[in-house]
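I have placed the structure first, in the form of structure tokens, so that the comments after it can refer back to it.
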Ligand SMILES: *Cc1c(COP(=O)(O)O)cnc(C)c1O
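Numbering (our numbering), first residue to last: 1 to 382.
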């Protein structure tokens, strides 16, 4: 985890190699990391408020705690609010899918005015929908000012921070209390392996320390974290070995090469889409993700994706951006080559031809079959 943290360029205080009390831990998933952040934030806030005013009631404090994230958050972030019994407000993101600092500050003020207590913020570095990056440098000072725990969910895109040229996207990371990304997504480690760092590990011990006589013998000195306090289960899987193996096989430079190559492949796909004026690439591609749609509208774009999915040659998932239906193309496999990108694009193009220009296909006697219905739609929309 130290190697990995250093590769990402995380601030020293997050690393186990620092004098403490920060450190890293491998969790099973980004979902767990988000939930742990929420639970720690809850207890930290309760402790702080009880210290200020011991006559307060713990139950009534907990009922007033509020968590915040953007409306672009992953489903697991919203779910952490459900699991941890905390209202999770999904604040409106800007036109680029980023949650801005002034929106966050306004939400804090609204809630404080109602006697509620801001407690936890999840910033998204690389949203699932469009891979947008929240400005951490805006969230950070606000969270610090209000004593709100700032967790960073960089599940997919965090891997790119091993390349220095992408680190500007995590500007403000020094304000965060916890950070998580999934080497099992984009860093060649087999599922499951989610890397989480926490700036103050003592907060975890204060929150989750439950003593039993049978746990007495595994009390460690404070230098070595007792990871049972850092996670949900008591026992731990040995997931470090596969991360260690991947880092050793590829080396830091090999992993950087992998990330850069995948982004290059995505940019190649982007170029192909842009070369066809029936399509729009929107929003701007980010990392390995290219979102695109047909200019003719949502209906026809949806038909295109449905038809592609039916053929089972290319698999893509839909999304929504600024109210428009988009198709999301992402490069994932370490085996993907330029030819695969060309193959994918040729399939997209072929299906688009079937939908947009049925007459050409009739001429060459290519069976149209189930596309008749979608053709009608496209003809109408023209
Ligand atoms: C994939 C993803 C998650 C969920 O990751 P799990 O490890 O499956 O819990 C959370 N947030 C973002 C931004 C993701 O892309």
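Every residue, glycine too, gets a C-beta built ideally from N, C-alpha and C.
Check each candidate in the options and name the one with the smallest Cα separation from residue i.
{"i": "residue 315", "options": "297, 347, 48", "result": "347"}
{"i": "residue 286", "options": "302, 295, 269", "result": "269"}
{"i": "residue 383", "options": "213, 298, 14", "result": "Only positions 1 to 382 of the chain appear in the structure, and residue 383 is not among them; the question remains open."}
{"i": "residue 116", "options": "334, 300, 67, 279", "result": "67"}
{"i": "residue 324", "options": "297, 266, 105", "result": "297"}
{"i": "residue 192", "options": "143, 215, 235, 242", "result": "242"}
{"i": "residue 343", "options": "245, 22, 265, 69", "result": "265"}
{"i": "residue 189", "options": "280, 214, 235, 246", "result": "246"}
{"i": "residue 258", "options": "331, 278, 313", "result": "331"}
{"i": "residue 62", "options": "334, 79, 87, 253", "result": "87"}
{"i": "residue 267", "options": "349, 345, 56", "result": "345"}
{"i": "residue 351", "options": "308, 89, 185, 95", "result": "308"}
{"i": "residue 30", "options": "56, 252, 185", "result": "185"}
{"i": "residue 25", "options": "357, 103, 237", "result": "237"}
{"i": "residue 70", "options": "128, 248, 279, 250", "result": "128"}
{"i": "residue 334", "options": "56, 250, 6, 54", "result": "250"}
Where residue i and residue j are concerned, what is the direct C-alpha to C-alpha distance, given to the nearest angstrom?
{"i": "residue 271", "j": "residue 20", "result": "47 Å"}
{"i": "residue 110", "j": "residue 155", "result": "30 Å"}
{"i": "residue 293", "j": "residue 123", "result": "28 Å"}
{"i": "residue 182", "j": "residue 4", "result": "12 Å"}
{"i": "residue 318", "j": "residue 130", "result": "10 Å"}
{"i": "residue 371", "j": "residue 273", "result": "Note that residue 371 scores a pLDDT of 40, beneath 50, so its modelled location is shaky; the value from the coordinates is reported in the next line. The straight-line gap from Cα to Cα measures roughly 22 Å."}
{"i": "residue 18", "j": "residue 74", "result": "31 Å"}
{"i": "residue 1", "j": "residue 305", "result": "40 Å"}
{"i": "residue 302", "j": "residue 16", "result": "48 Å"}
{"i": "residue 299", "j": "residue 132", "result": "25 Å"}
{"i": "residue 320", "j": "residue 310", "result": "21 Å"}
{"i": "residue 38", "j": "residue 32", "result": "10 Å"}
{"i": "residue 121", "j": "residue 354", "result": "46 Å"}
{"i": "residue 288", "j": "residue 230", "result": "31 Å"}
{"i": "residue 157", "j": "residue 84", "result": "25 Å"}
{"i": "residue 211", "j": "residue 227", "result": "14 Å"}
{"i": "residue 284", "j": "residue 339", "result": "23 Å"}
{"i": "residue 166", "j": "residue 263", "result": "11 Å"}
{"i": "residue 151", "j": "residue 336", "result": "32 Å"}
{"i": "residue 313", "j": "residue 341", "result": "12 Å"}
{"i": "residue 322", "j": "residue 89", "result": "20 Å"}
{"i": "residue 103", "j": "residue 215", "result": "46 Å"}
{"i": "residue 93", "j": "residue 153", "result": "16 Å"}
{"i": "residue 112", "j": "residue 139", "result": "17 Å"}
{"i": "residue 279", "j": "residue 235", "result": "51 Å"}
{"i": "residue 252", "j": "residue 177", "result": "26 Å"}
{"i": "residue 6", "j": "residue 51", "result": "36 Å"}
{"i": "residue 349", "j": "residue 244", "result": "42 Å"}
{"i": "residue 48", "j": "residue 114", "result": "20 Å"}
{"i": "residue 53", "j": "residue 95", "result": "42 Å"}
{"i": "residue 248", "j": "residue 213", "result": "39 Å"}
{"i": "residue 295", "j": "residue 357", "result": "14 Å"}
{"i": "residue 55", "j": "residue 173", "result": "36 Å"}
Under 9 Å between the Cβ atoms of residue i and residue j?
{"i": "residue 146", "j": "residue 108", "result": "yes"}
{"i": "residue 175", "j": "residue 141", "result": "yes"}
{"i": "residue 225", "j": "residue 201", "result": "yes"}
{"i": "residue 99", "j": "residue 91", "result": "yes"}
{"i": "residue 187", "j": "residue 255", "result": "yes"}
{"i": "residue 290", "j": "residue 260", "result": "no"}
{"i": "residue 149", "j": "residue 77", "result": "no"}
{"i": "residue 97", "j": "residue 72", "result": "yes"}
{"i": "residue 27", "j": "residue 240", "result": "no"}
{"i": "residue 65", "j": "residue 143", "result": "no"}
{"i": "residue 135", "j": "residue 171", "result": "yes"}
{"i": "residue 80", "j": "residue 125", "result": "no"}
{"i": "residue 197", "j": "residue 59", "result": "no"}
{"i": "residue 326", "j": "residue 276", "result": "no"}
Is there at least one non-hydrogen atom of ligand 3 closer than 8 Å to the beta-carbon of residue i?
{"i": "residue 268", "result": "As presented, the structure is devoid of ligand 3, carrying ligand 1 as its sole ligands."}
Any beta carbon from chain C within less than 9 Å of residue i's own beta carbon?
{"i": "residue 78", "result": "As a matter of chain content, chain C is missing from the structure shown, which is built from one protein chain."}
Worksheet entry | Inter-stretch contact at 8 Å, needing at least 3 Cβ pairs: the stretch 193-211 / the stretch 36-47 | yes
Worksheet entry | Cβ contact (3+ pairs, closer than 8 Å) linking the stretch 7-14 and the stretch 153-167 | yes
Item to complete: Counting only runs of 3+ residues fully inside the stretch 174-252, write out the beta strand (DSSP E) ranges in chain order.
Response: 178-181, 194-198
Item to complete: Tell me the start and end of each unbroken beta strand (DSSP E) in the stretch 100-149 that is at least 3 residues and wholly inside, in chain order.
Response: 117-124
Discussion item. My parser needs the alpha helix (DSSP H) runs of 4 or more residues fully inside the stretch 39-113; what are they?
Written reply: 58-64, 75-83, 101-113
Worksheet item: What are the complete alpha helix (DSSP H) segments, minimum 4 residues, inside the stretch 299-325?
Response: none
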